[in-house]
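Structure record follows, encoded as structure tokens.
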Amino acid sequence: MPSGWRAVTCLPTTSAACTGSSKRDGKMRGVEDAPLACLDANVFLAVLIPAATTAAREEITGAERVLRAVEEGRLRGVSTTIVFGEICYVYLREGKPGFEIARAAIEAEPNLKAVAVTAPLAVHAAELRRKYYSKKNAFSYNDGLYLATGLAERADLLITSDPHLLGAGELKAIRPAEYR
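Following our numbering, the numbering of the sequence shown begins with 1 at its first residue and continues without gaps.
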């Protein structure tokens with residue numbers, strides 16, 4: 001598991017040192033040229049609460065690889081701020097402590113940007129939902145927000161285990177297990 005994502009082993013009362021990483025210790029190289037990936041909440045959840053996911057083992061391992069690449073600066077990450085709501089919900093549903101530590105680790109990651117939902121982003125997400133939703137493809141509004149965020153930020157790819165997002169055509173989408 002990436003060292004900056006140690007939050008899963010930390011208790012809610014643990015100090016901020018629990019979320020330390022090599023970047024904050026001054027051991028990181030520049031990441032300006034690293035590819036930019038839009039990350040779905042399921043990438044974080046596979047690492048933070050693997051028992052709560054239905055993802056296959058190779059997807060969990062892939063998610064660990066993705067977050068390690070972000071932490072090491074080989075990949076830049078972007079997500080929408082709804083990622084915090086999705087992660088919080090799973091912590092609450094599973095009765096697990098530690099959400100605030102997980103949130104702090106995500107917010108402190110310098111190679112990861114959480115984009116706030118603005119009116120134009122929300123409208124674009126609704127348009128994407130309208131485009132992709134069908135009885136056979138339950139493309140959600142949240143799916144639209146991740147895709148709209150990736151497009152707005154000019155991401156190189158979208159990393160998700162969500163089949164609804166994997167089928168969207170505007171942005172190259174891969175499963176965590178496909179990331180190398």
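Even for Gly, the Cβ is constructed at its ideal location relative to N, Cα and C.
query = Taking the Cβ atom as the reference point for each residue, do A116 and T81 lie within a distance shorter than 7 Å?
reply = Locating residue 116 in the sequence shown gives position 116, where the first residue counts as 1. Locating residue 81 in the sequence shown gives position 81, where the first residue counts as 1. The beta carbons of A116 and T81 sit closer together than 7 Å.
ask   = Between the beta-carbon of G73 and the beta-carbon of V31, is there less than 7 Å?
value = Counted from its first residue, the sequence shown places residue 73 at position 73. Counted from its first residue, the sequence shown places residue 31 at position 31. Yes, the Cβ-Cβ distance between G73 and V31 is below 7 Å.
message = In the DSSP output, which residue or residues are listed as bridge partners for R76?
response = For the purposes of this step, residue 76 is taken as residue 76 along the sequence shown, with counting starting at 1. Per DSSP, L36.
request  = Can you give me the start and stop residues for the alpha helix (DSSP H) that I101 sits inside?
outcome  = The residue labelled residue 101 in the question sits at position 101 within the sequence shown. First-last of the alpha helix (DSSP H) with I101: F99 to A108.
task = Sort A56, A51, L112 and T53 by Cα distance to L36 and report the nearest one.
result = Reading the sequence shown from its first residue, position 36 is the one you call residue 36. That would be L112, whose Cα lies nearest to the Cα of L36.
message = By the three-class DSSP mapping on this structure, what secondary structure does I87 have?
response = As a position in the sequence shown, residue 87 is number 87, starting the count at 1. Correct three-state label for I87: helix.
ask   = Nearest to P120 by CA position, among L67, A152 and R65, is which residue?
value = Here residue 120 is taken as the residue at index 120 of the sequence shown, counted from 1. If we check each option's Cα against that of P120, A152 comes out closest.
message = Applying the 10 Å Cβ sphere with the 16-neighbour rule, what's the burial state of L147?
response = Here residue 147 corresponds to residue number 147 of the sequence shown, with the count starting at 1. Buried is the call here.
query = According to DSSP, which residues form a beta bridge with L112?
reply = Taking the first residue of the sequence shown as position 1, residue 112 is located at position 112. L112 pairs with G77.
key: Closest residue to Y132 among R103, P176, A155 and H164 (Cα-Cα distance)   = Translated into the one-based positions of the sequence shown, residue 132 becomes position 132. The closest CA to that of Y132, considering only R103, P176, A155 and H164, is found on H164.
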